[in-house]
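K.L.:
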Amino acid sequence: MLFQANIIINYSLQAVWIVLQLVVAMFLLFKMFQTKRYNLTPLILFFIFSSIRIIFLVIVPSLRPIYLVLVQFPNILLLIFTKLTFFKYKKSPFTIFLIILIIVRTIDFIVRLNFNISIPMTLELSESNLIYYYYILFSVSISYLLSHGWLGCVSIRYYWSIKSEQIAPWIKKRYLLIAISSFIYILNIFIYFLFPYKNVDIYVFPNILYSYTLVGIVIFYSFGMFIAWIMPKKLKSYFDKDFQPAEEKELSEQELIDRINRERKK
Numbered sequence: 000m001l002f003q004a005n006i007i008i009n010y011s012l013q014a015v016w017i018v019l020q021l022v023v024a025m026f027l028l029f030k031m032f033q034t035k036r037y038n039l040t041p042l043i044l045f046f047i048f049s050s051i052r053i054i055f056l057v058i059v060p061s062l063r064p065i066y067l068v069l070v071q072f073p074n075i076l077l078l079i080f081t082k083l084t085f086f087k088y089k090k091s092p093f094t095i096f097l098i099i100l101i102i103v104r105t106i107d108f109i110v111r112l113n114f115n116i117s118i119p120m121t122l123e124l125s126e127s128n129l130i131y132y133y134y135i136l137f138s139v140s141i142s143y144l145l146s147h148g149w150l151g152c153v154s155i156r157y158y159w160s161i162k163s164e165q166i167a168p169w170i171k172k173r174y175l176l177i178a179i180s181s182f183i184y185i186l187n188i189f190i191y192f193l194f195p196y197k198n199v200d201i202y203v204f205p206n207i208l209y210s211y212t213l214v215g216i217v218i219f220y221s222f223g224m225f226i227a228w229i230m231p232k233k234l235k236s237y238f239d240k241d242f243q244p245a246e247e248k249e250l251s252e253q254e255l256i257d258r259i260n261r262e263r264k265k
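As structure tokens, then:
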């Protein structure tokens with residue numbers, strides 16, 4: 000009975016994961032066309048790829064090679080998003096990060112495809128192939144640190160740089176929320192290391208708890224990014240309730256960002 004309940008809960012959480020990320024992608028797509036902020040394109044694709052890969056993993060496991068291709072792209076897309084959003088015309092470690100990610104993810108694909116490695120493991124893993132399992136852990140860790148980690152660090156640094164500026168508080172909160180969501184997402188790295196490397200039954204304790212935590216973190220991240228970029232009007236009004244712009248005409252977010260970047264270059 001408990002086993003069946005765990006299966007139902009796990010699949011329900013997976014469904015929430017898939018639907019939520021697709022919903023976030025659709026709202027971001029609408030916002031992109033509405034505001035002409037085309038830097039959101041990689042972020043939209045990040046959520047689409049992240050949800051579709053779970054569909055192939057959970058619902059259509061026979062098409063695992065497609066999943067293995069899809070799983071390589073989200074981190075690269077997030078890296079591109081950070082570049083376009085914060086460093087479009089500025090120097091950054093983007094090229095180095097991108098080269099590292101491409102190399103790491105290419106090897107990741109080859110290892111997963113040839114040795115049936117997954118985290119958690121669903122097939123028996125021989126001791127001789129244990130090095131490949133640890134490579135996948137390394138690959139996931141580096142990918143998260145270079146994509147989510149970089150986005151989180153840049154966002155929190157940007158937040159502190161504009162905190163004292165005469166800028167609408169909701170814009171400041173956006174970057175703070177992006178940073179918090181990104182740093183929390185990185186916690187997945189530690190969860191992956193908790194899974195045993197041998198054939199794992201994810202529906203028994205404590206593996207089911209690890210799985211719930213993974214999905215919960217992704218759901219929190221999706222909600223955080225949704226609120227940060229869509230920013231509901233009521234929440235925006237709450238953040239700005241005591242704000243009085245110094246200028247007669249309140250600048251748009253992009254105009255403010257451009258002005259701050261110009262000031263920082265002086």
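Using numbering that gives the first Met the number 0, the letters of the sequence shown correspond one by one to residues 0 to 265.
C-beta atoms are modelled at their ideal positions from N, C-alpha and C, and glycine is treated no differently.
Hey, how far is the Cα of Lys171 from the Cα of Pro195?
P.N.:
Sequence index remark: in the sequence shown, residue 171 carries index 172 (1-based). Sequence index remark: in the sequence shown, residue 195 carries index 196 (1-based). So the alpha carbons of these two residues sit roughly 41 Å apart.
K.L.:
According to DSSP, is Thr105 helix, strand or coil?
P.N.:
Here residue 105 refers to the residue found at position 106 when the sequence shown is read from its first residue. Three-state DSSP puts Thr105 in a helix.
K.L.:
Just to confirm the assignment, what range does the alpha helix (DSSP H) spanning Val139 have?
P.N.:
As a position in the sequence shown, residue 139 is number 140, starting the count at 1. 129 to 143 is the span of the alpha helix (DSSP H), which, as asked, contains Val139.
K.L.:
I'd like the list of long-range same chain contacts for Leu213, defined as Cβ closer than 7 Å, with 5 residues on each side in sequence excluded.
P.N.:
To locate residue 213, count along the sequence shown from 1; it is residue 214. Asn187, Ile190, listed in sequence order.
K.L.:
Taking the Cβ atom as the reference point for each residue, do Thr94 and Leu150 lie within a distance shorter than 8 Å?
P.N.:
Along the sequence shown, read from residue 1 onward, the residue named residue 94 stands at position 95. Along the sequence shown, read from residue 1 onward, the residue named residue 150 stands at position 151. Cβ atoms of Thr94 and Leu150: not closer than 8 Å.
K.L.:
Between Leu39 and the rest of its own chain, which residues show a CB-CB distance below 6 Å, the 5 nearest in sequence each way excluded?
P.N.:
If you number the sequence shown from 1, residue 39 lands on position 40. Correct list, in chain order: Leu27, Met31.
K.L.:
I need the straight-line Cα distance from Gln33 to Thr105, nearest angstrom please.
P.N.:
Along the sequence shown, read from residue 1 onward, the residue named residue 33 stands at position 34. Along the sequence shown, read from residue 1 onward, the residue named residue 105 stands at position 106. Their Cα atoms are separated by approximately 36 Å.
K.L.:
Determine the contact status of Phe46 and Val23, defining contact as a CB-CB distance below 8 Å.
P.N.:
What you label residue 46 is simply residue 47 of the sequence shown in a count that begins at 1. What you label residue 23 is simply residue 24 of the sequence shown in a count that begins at 1. In contact: Phe46 and Val23 (Cβ atoms closer than 8 Å).
K.L.:
Is Val15 helix, strand or coil by DSSP?
P.N.:
Walking along the sequence shown from the start, residue 15 turns up at place 16. Reduced to three states, the DSSP call for Val15 is helix.
K.L.:
Is Phe86 helix, strand or coil by DSSP?
P.N.:
If you number the sequence shown from 1, residue 86 lands on position 87. Here Phe86 sits in coil by DSSP.
K.L.:
On the criterion of 16 or more Cβ atoms from any shown chain inside 10 Å, does Ala14 qualify as buried, or is it exposed?
P.N.:
Counted from its first residue, the sequence shown places residue 14 at position 15. So Ala14 counts as exposed.
K.L.:
Taking just the CA atoms, how far does Trp169 sit from Ser146?
P.N.:
For the purposes of this step, residue 146 is identified with residue 147 of the sequence shown, where counting begins at 1. For the purposes of this step, residue 169 is identified with residue 170 of the sequence shown, where counting begins at 1. So the alpha carbons of these two residues sit roughly 24 Å apart.
K.L.:
Which ranges would you report for the alpha helix (DSSP H) in the segment 50 to 81 if only whole runs of at least 4 residues count?
P.N.:
Complete alpha helix (DSSP H) runs here, min 4: 63 to 69.
K.L.:
Which same chain residues, not among the five before or five after Ile229, have their C-beta less than 6 Å away from its C-beta?
P.N.:
Counted from its first residue, the sequence shown places residue 229 at position 230. Same-chain partners within the cutoff: Phe26.
K.L.:
Using only CA atoms, which one of Ile75, Leu67, Ser140 lies nearest to Asn115?
P.N.:
Along the sequence shown, one-based indexing puts residue 115 at 116. When only C-alpha atoms are compared, the closest one is Leu67.
K.L.:
Using only CA atoms, which one of Ser181, Phe242, Leu208 lies nearest to Glu164?
P.N.:
The residue you call residue 164 lines up with position 165 of the sequence shown. Out of Ser181, Phe242, Leu208, Phe242 has the C-alpha closest to the C-alpha of Glu164.
K.L.:
Alpha carbons only, please: which of Ser138, Ser11, Ile226 is nearest the one belonging to Ser180?
P.N.:
The residue given as residue 180 occupies position 181 in the sequence shown. Of the listed residues, the one whose Cα sits closest to Ser180 is Ile226.
K.L.:
Quick one: give me the first and last residue of the alpha helix (DSSP H) that Met224 is part of.
P.N.:
As a first step, residue 224 is located in the sequence shown; it is residue number 225 there, counting from the start. Start and end: 206 to 229.
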